[in-house]
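Accompanying notes for the structure given below.
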Amino acid sequence: MPAVDKLLLEEALQDSPQTRSLLSVFEEDAGTLTDYTNQLLQAMQRVYGAQNEMCLATQQLSKQLLGYEKQNFALGKGDEEVISTLHYFSKVVDELNVLHTELAKQLADTMVLPIIQFREKDLTEVSTLKDLFGLASNEHDLSMAKYSRLPKKKENEKVKTEVGKEVAAARRKQHLSSLQYYCALNALQYRKRMAMMEPMIGFAHGQINFFKKGAEMFSKRMDSFLSSVADMVQSIQVELEAEAEKMRVSQQELLSVDESVYTPDSDVAEPQINRNLIQKAGYLNLRNKTGLVTTTWERLYFFTQGGNLMCQPRGAVAGGLIQDLDNCSVMAVDCEDRRYCFQITTPNGKSGIILQAESRKENEEWICAINNISRQIYLTDNPEAVAIKLNQTALQAVTPITSFGKKQESPCPSQNLKNSEIENENEKIVPKATASIPEAEELIAPGTPIQFDIVLPATEFLDQNRGSRRTNPFGETEDESFPEAEDSLLQQMFIVRFLGSMAVKTDSTTEVIYEAMRQVLAARAIHNIFRMTESHLMVTSQSLRLIDPQTQVSRANFELTSVTQFAAHQENKRLVGFVIRVPESTGEESLSTYIFESNSEGEKICYAINLGKEIIEVQKAH
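Okay, here's the thing in structure tokens:
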């Protein structure tokens, strides 16, 4: 017998949309089989109950047997032998139609009873298991919704534990009901074939036994045929028993897994996170705005396909495009007091979608996978190797610090510049790069700390040494107005996000900016730092200002004459950086590089800085 289609029990716990779609095909097949079985039973009952209308009843039965081929079963693969057998039986019924007179008891025991047992036992079992599976799925969805709404407050640990147990119990219940339902649907494919043929075997035997003339006419050519059909049914029975045993063993193995499989976020302390993923799939909660201030969260199945993020609701045949991930940025966010939320931002800086994972491991793996895809690693010949290599490179990057205290404790990088020759800042507008590219150690000292905060503690001392107005140590000015900007010949505003800053050893080449970009981005990747502070960068003919877009408070101010180098990244056009020469309280000078990501091309910022320097030179010449 040809193999039959089966539902994989291993996919019952995942409960993916693909499995649900395949399940709907099996359910459609079971519904079609139920309808056909009822019709076939009605035809057999007519043969049993209408002795005076035997000819009409057998004629209707013959038509029903031919109708099996026209049912268009969704899982009709391998039914060719059943169809051919039913066709032959239809011919026999037509020939015996004028000869047979029904014997009620014989037909009741050998023809009507098997099909009734099939309907009442097998089809009813499938219908009952379907209802139980639906109730378990609804219960699991409600428990997951309740779990997703858990706040991040530590005082609710008891509630979190109870809800986690409730989710585990609901997930186990759904898993058990789905396994039983899948097994019943798989077994139905075998029982369907037997149920279609066994009643006809009994009918044929009854006709031959009770009608001598019919036996004389058909017994010789029917014996071998009925024997082959019986052998075929027996072989299907053997296959069913073997498959049932196999499914029973598989079900026991799948149910013997650890409870952590059912419990979300089971390993909160130290989850095993794979940061080299270039594709990812699983359920996430999608945030949808339903009004000006109201939102809803919908649990959907998401997966990546190339450079696209796809979404597939339950029951859908295929997924739809949600977001193009090329050159996108992703970061963890706080949203509506929910845990494990992250946001995908488009390349033009617009806020994209907000998603919620069910565990810390899933949250960080989704962020890493989207981050890898945004770099277009999937277009390389061996994307897995490239992702591993990038993470290994990131491991060699410096260890970042994000606190003010740690940066003050770090050794002053200006000590490496005691023997360096400093050119006159007023005579230098755009520094020229050296002919040869220096080594990374010549540009930035190994172990130099990276600061990811926009707070600049050195600003206070910088203002004191310049004799200008004192700046608040938290990076905010006391006056929100900028009178010097009103008198400036140049005023250009850019939207930027601060990536990081670090001390450098030289400002003689733009390669120091590229090396700082590499180390800052590598450190952000390896330490999973995705938060960035957005500011407005105002370029005037006197200074560079970082302004808070919400409060319009100045976060930092750099004299344009202190900018000694500036450059945009050669490949990622939105990355820009500049080197600042900062006087220290000891009388020496230190060099620091600041790296930003701009909404526009970095070359535009470089052009504005260069224009400001040219204005300074013209003003000095007059």
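Sequential numbering from 143 applies to the sequence shown in the numbering used here. C-beta: ideal position from N, C-alpha, C; glycine also. Remember, predicted model here, so these are calculated numbers, not experimental data.
Membership of Cys748 in the alpha helix (DSSP H) is indicated by the continuous run Gly744 to Ala763.
If the five residues before and after Thr487 are omitted, its C-beta is found closer than 8 Å to the C-beta atoms of Cys470, Ser471, Val472, Met473, Ser493 and Gly494, all from its own chain and listed in chain order. Secondary structure note for Gly173: its alpha helix (DSSP H) is the uninterrupted segment Pro159 to Gly191.
Within the segment 625-706, the complete alpha helix (DSSP H) segments at least 4 residues long are 625-628 and 653-668, listed from N- to C-terminus. For the pair Gly719 and Val403, the Cα-to-Cα distance works out to about 47 Å. For Ala310, the three-state secondary structure derived from DSSP is helix. Distances from the CA of Glu340 to each of Arg314, Ser279, Phe636 and Met253 were compared; the closest alpha carbon is that of Met253.
Here Val472 is bridged, per DSSP, to Ile486.
For the pair Ala216 and His229, the Cα-to-Cα distance works out to about 20 Å.
Beta-bridge annotation (DSSP): Asp466 is paired with Asn450. Each of Ala246, Gln712 and Leu753 was checked against the Cα of Gln349, and the nearest Cα belongs to Ala246. One thing to note: Pro406 has its Cβ no nearer than 8 Å to the Cβ of Val301. Counting C-beta pairs closer than 8 Å gives three or more between the segment 388-395 and the segment 314-334, which meets the contact rule.
Sorting Met680, Glu701, Phe700 and Ser685 by C-alpha distance to the C-alpha of Pro691 places Met680 at the top. Cβ contact annotation for Leu451 (same chain, cutoff 6 Å, sequence separation greater than five): Ile464, Gln465 and Leu467, in chain order.
Inter-residue distance for Ser319 and Leu397 is about 11 Å (C-alpha atoms, whole angstroms). Per DSSP, the unbroken alpha helix (DSSP H) holding Gly209 starts and ends at Met196 to Gly209. Here DSSP, grouped into helix, strand and coil, assigns Gly276 to helix.
Take Leu382, set aside five residues on each side of it, and the residues of its chain with a beta-carbon closer than 6 Å to its own are Tyr332, in chain order.
Spatial neighbours of Leu585 in its own chain (CB-CB distance under 7 Å, excluding positions within 5 residues in sequence) are listed in chain order as Val646, Lys647, Thr648, Glu653, Val654 and Glu657. Between Tyr482 and Ser158, the beta carbon gap of about 20 Å keeps them out of contact (Cβ cut-off 8 Å).
Your pair Glu676 and Ile637 checks out as a contact, with CB atoms roughly 7 Å apart and the cut at 8 Å. For the pair of segments examined, the segment 249-266 was found not to touch the segment 205-214: the number of CB pairs separated by less than 8 Å stays below three.
DSSP places Val721 inside the beta strand (DSSP E), whose first and last residues are Leu717 to Pro725. Counting along the chain, Tyr404 sits inside no alpha helix (DSSP H), nor does DSSP assign it H or E at all. Counting only residues of its own chain and dropping the five nearest sequence neighbours on each side, Tyr190 has a CB closer than 8 Å to the CB of Glu244, Ala246, Leu249, Ala250, Met253 and Val254. Around His347, the same chain offers Thr252 as residues with beta carbons nearer than 7 Å, after the five sequence neighbours per side are excluded. The way I'd put it, the segment 258-273 doesn't touch the segment 285-300; fewer than three beta-carbon pairs between them come closer than 8 Å.
In this structure, Leu428 sits away from Ala499, with a CB-CB distance that is not shorter than 8 Å. In the DSSP assignment, Leu428 falls within the unbroken beta strand (DSSP E) covering Ala423 to Lys431.
Cβ atoms of Ser163 and Gly457 come within 8 Å of each other, at about 7 Å. Between Asn180 and Ser501, the alpha-carbon positions lie close to 48 Å from each other. From the listed residues Thr446, Cys453 and Thr522, the smallest Cα separation to Glu507 is found for Thr446. Straight-line spacing of the CA atoms in Glu504 and Glu385 works out to 36 Å. Secondary structure note for Ser232: its alpha helix (DSSP H) is the uninterrupted segment Glu222 to Leu238.
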